[in-house]
Amino acid sequence: MFKLIFPLFLVIFVIVGEIMDYRKREKNRNKALAGKQCIREFECVIMIADSDSEVKLTLFQRAVPSYDVLLFDDHIAFATGSVMGFGESIPEEIEIKDINFASMKYILKTDLLLVNYNRKAKEPSQFYMEGKKEDLLFIKNFIEERNGRPKVIDLTEN
Numbered sequence: 005m006f007k008l009i010f011p012l013f014l015v016i017f018v019i020v021g022e023i024m025d026y027r028k029r030e031k032n033r034n035k036a037l038a039g040k041q042c043i044r045e046f047e048c049v050i051m052i053a054d055s056d057s058e059v060k061l062t063l064f065q066r067a068v069p070s071y072d073v074l075l076f077d078d079h080i081a082f083a084t085g086s087v088m089g090f091g092e093s094i095p096e097e098i099e100i101k102d103i104n105f106a107s108m109k110y111i112l113k114t115d116l117l118l119v120n121y122n123r124k125a126k127e128p129s130q131f132y133m134e135g136k137k138e139d140l141l142f143i144k145n146f147i148e149e150r151n152g153r154p155k156v157i158d159l160t161e162n
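The opening position of the sequence shown corresponds to residue 5 in our numbering, with each subsequent residue numbered one higher.
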């Protein structure tokens, strides 16, 4: 009897969790949009890490939430459906002026975008974004253009 009930309970639990995640993501996305015009929208996995070594461990675990990344003229908004806490989290939005730099990294055969930003009343912090390389490059260029920094051509990238 237990062998029959437990898998059924597990399936129901997963389905309910997915529905809750979807609803929360839509709620967060609509809150971020709230009458504003979004320039572009992406879906990325975001990992909070202080170093490349921590990212390597996170890439092995694959227990990281997916985010909708919404680009606006003066800020970037993040919406996730993650109901469970994953420790330290990124803010719902980051002002472009608070971003120190964005650079591409290639770690464990994965293209990542490192974003270093200033938290309000705290030290600089950073996170890594994983997604399509074209999307990551678009976000990187978007940040550099909005910060008024000159474009630097990286000859080491393929």
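C-beta: ideal position from N, C-alpha, C; glycine also.
- Looking at the DSSP output, threonine 62 sits in no beta bridge, so it has no partner there.
- Looking only at Ser107, Glu149 and Gly152, the smallest Cα-Cα distance to aspartate 56 is reached by Ser107.
- For lysine 109, no alpha helix (DSSP H) segment is defined; the enclosing uninterrupted segment is the beta strand (DSSP E) at 103-111.
- A distance of 8 Å or more separates the beta carbons of leucine 117 and isoleucine 100.
- Beta bridge pairing from DSSP links isoleucine 98 with Ile80.
- Where aspartate 139 is concerned, the enclosing alpha helix (DSSP H) starts and stops at 137-150.
- Sequence-distant partners of aspartate 139 (beyond 5 residues in either direction) whose C-beta falls short of 8 Å from its own C-beta, in its chain, are Phe46 and Cys48.
- In this structure the stretch 128-137 touches the stretch 109-116; the number of beta carbon pairs closer than 8 Å is three or more.
- In this structure, DSSP gives arginine 27 a helical state, which the three-state scheme calls helix.
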